[in-house]
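Residue numbers (my numbering): 7 to 158.
Just so it is clear, CB atoms sit at the ideal spot from N, CA and C, and this is done for glycine as well.
Report on the structure given below.
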């Protein structure tokens with residue numbers, strides 16, 4: 007995908023539809039992420055397979071369209087872990103910058119009314135479960151002989 011050409015030819019009205027933000031907001035986010043990426047690359051290390059523009063396109067697309075991480079991973083030819091890292095890096099970088107961070111909890115609760123604004127984190131993450139082994143599957147718990155089992 008050549009996102010630079012596609013973004014260059016994109017009409018301003020389409021930004022809101024595709025990414026959920028206006029063109030000016032998108033450009034501001036891109037500028038912040040590019041500066042942060044260059045600072046990160048000064049320390050050394052390998053360049054990422056996804057460009058900064060790709061990561062920025064993936065991040066609002068993930069939140070706006072409710073796509074799983076498998077979808078953009080397939081589109082860009084990377085593992086879903088790279089998509090997760092890109093979304094997390096972009097989010098953390100924008101929060102650290104302060105331009106796009108959320109207000110404090112005190113500011114969200116308006117003391118004049120009983121209205122409370124709730125923010126929910128609905129990001130996708132893998133569930134950690136214990137490995138199933140024979141000892142766990144076939145474990146018999148012994149009950150003391152002098153006590154009866156009382157049902158719930």
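Please report the residue range of the alpha helix (DSSP H) in which residue i lies.
{"i": "residue 9", "result": "9–14"}
{"i": "residue 43", "result": "29–48"}
So, with DSSP's three-state summary, where would you put residue i?
{"i": "residue 106", "result": "coil"}
{"i": "residue 57", "result": "coil"}
{"i": "residue 83", "result": "coil"}
{"i": "residue 158", "result": "Its pLDDT being 49, under 50, residue 158 is placed unreliably by the model, and the measurement read from it follows with that caveat. Three-state DSSP puts residue 158 in coil, outside helix and strand."}
{"i": "residue 72", "result": "coil"}
{"i": "residue 92", "result": "helix"}
{"i": "residue 112", "result": "helix"}
{"i": "residue 51", "result": "coil"}
{"i": "residue 67", "result": "helix"}
Buried or exposed for residue i, please, with buried defined as at least 16 other CB atoms from any protein chain shown within 10 angstroms of its CB.
{"i": "residue 79", "result": "buried"}
{"i": "residue 50", "result": "exposed"}
{"i": "residue 21", "result": "buried"}
{"i": "residue 229", "result": "Nothing can be reported for residue 229, as the shown portion of the chain is limited to 7 through 158."}
- Message: Count Cβ pairs between the stretch 37–45 and the stretch 72–82 that sit closer than 8 Å; are there 3 or more?
- Response: no
- Query: Does the count of Cβ pairs from the stretch 46–65 and the stretch 88–98 closer than 8 Å reach three?
  - Reply: yes
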